[in-house]
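Let me begin by presenting the structure, written as structure tokens, before commenting on it.
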Amino acid sequence: MVRQLRAALNRGENYDLILVMDDLDCHVAEEREKLFRDTINAVLGEFPDMQSDRMVIGFAAPEIEAWLIADWSNTFAKDLDFRAHHGAMRHCLASQHNVSFAEPENFSTLDEKKDACEEKLSALIMEAALDEANVHYSKAVHTPRLLQEMLVPVVIGKCPLFRQWYRELEKFIPQEQ
10 MVRQLRAALN RGENYDLILV MDDLDCHVAE EREKLFRDTI NAVLGEFPDM
60 QSDRMVIGFA APEIEAWLIA DWSNTFAKDL DFRAHHGAMR HCLASQHNVS
110 FAEPENFSTL DEKKDACEEK LSALIMEAAL DEANVHYSKA VHTPRLLQEM
160 LVPVVIGKCP LFRQWYRELE KFIPQEQ
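Mapping of the sequence shown onto the working numbering: residues 10 to 186, in sequence order.
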């Protein structure tokens, strides 16, 4: 990220907003945000003309798939690849892996040795999709497709970190008059 930002600024590229979105992977949001903000500000400090107040840093907790879990009825339940078996997938995730569909950001805990979550939500979705629907869940194919189907108000209601990030991002969207 530092190399990309520095290279863009060296080329004279300008920006309206620096937007950072990352999986939290069971880390503490405030600590990760400070790390990103300090890193970006250090790079921006090399370029006196650049603003540091146009930055939004947000996290998917523990992974972006939590947003898909939050709005299951508009993502997996409606998707052509999963809809026939989404109930079995949901049951598997809830009963065997303690995935909360009401509070999906509260999944897993940090494994200090791996410096990541003890369990990966995406891996459990892959497992449930294969076991219950005989479908290979692909983060590259399915995640972007399902994200387009999720309803923001539903996710805002179940994912506090998403809500915080989205509200901060809204401040930079020009209002129609």
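Every residue gets a Cβ at the ideal spot worked out from N, C-alpha and C, and that includes glycine.
It should be emphasised that the depicted structure is a prediction, and the values quoted were computed from it without experimental measurement.
In the stretch 76-111, which residue ranges form an unbroken alpha helix (DSSP H) of at least 4 residues, counting only runs that do not cross its ends? 95-106
Could you give the uninterrupted runs of the alpha helix (DSSP H) lying entirely in the stretch 15-79, keeping only those of 4 residues or more? 38-53 and 74-79
Could you check which residue in Leu44, Asp90 and Ala97 has the C-alpha nearest to that of serine 147? Asp90
Taking leucine 119 as the reference, give the member of Val37, Ala16, Asp25 and Leu77 with the closest Cα. Val37
Cysteine 126 - partner residues in DSSP beta bridges: Leu119
Does the distance from the C-beta atom of proline 169 to that of phenylalanine 116 stay below 7 Å? For proline 169 and phenylalanine 116, no; Cβs fall outside 7 Å.
If you draw a straight line from the C-alpha of valine 164 to the C-alpha of arginine 20, how long is it? Our two residues, valine 164 and arginine 20, have alpha carbons roughly 38 Å apart in a direct line.
Output yes or no for whether 7 Å exceeds the beta carbon distance between methionine 135 and aspartate 80. In this structure, the beta-carbon distance from methionine 135 to aspartate 80 does not fall below 7 Å.
Based on Cα-Cα distance, which residue from Arg154, Gly67 and Ala17 lies nearest to leucine 77? When only C-alpha atoms are compared, the closest one is Arg154.
Expressed to the nearest angstrom, what Euclidean distance is found between the alpha-carbon atoms of serine 109 and leucine 26? 33 Å
Output needed for methionine 98: all residues of its chain with C-beta closer than 7 Å, excluding positions within five of it in sequence on either side, in chain order. Phe85, Phe91, Ala137, Ala138, Glu141 and Ala142
Near lysine 167, which residues of its chain fall below 7 Å by C-beta distance, leaving aside the five closest residues on each side in sequence? Ala79, Ala111, Glu112 and Pro113
Report back the beta-carbon spacing between aspartate 34 and cysteine 126 to the nearest angstrom; my notes put them in contact at under 8 Å. A Cβ-Cβ separation of about 5 Å places aspartate 34 in contact with cysteine 126 under the 8 Å criterion.
Let me make sure I understand the geometry here. Which of Gln13, Ile73, Glu74 and Ile49 has the alpha-carbon closest to that of arginine 63? Ile49
Who are the Cβ neighbours of histidine 106 in its own chain at under 6 Å, not counting the five residues just before and after it? Once the five neighbours on either side are set aside, the close Cβ partners of histidine 106 are Leu133.
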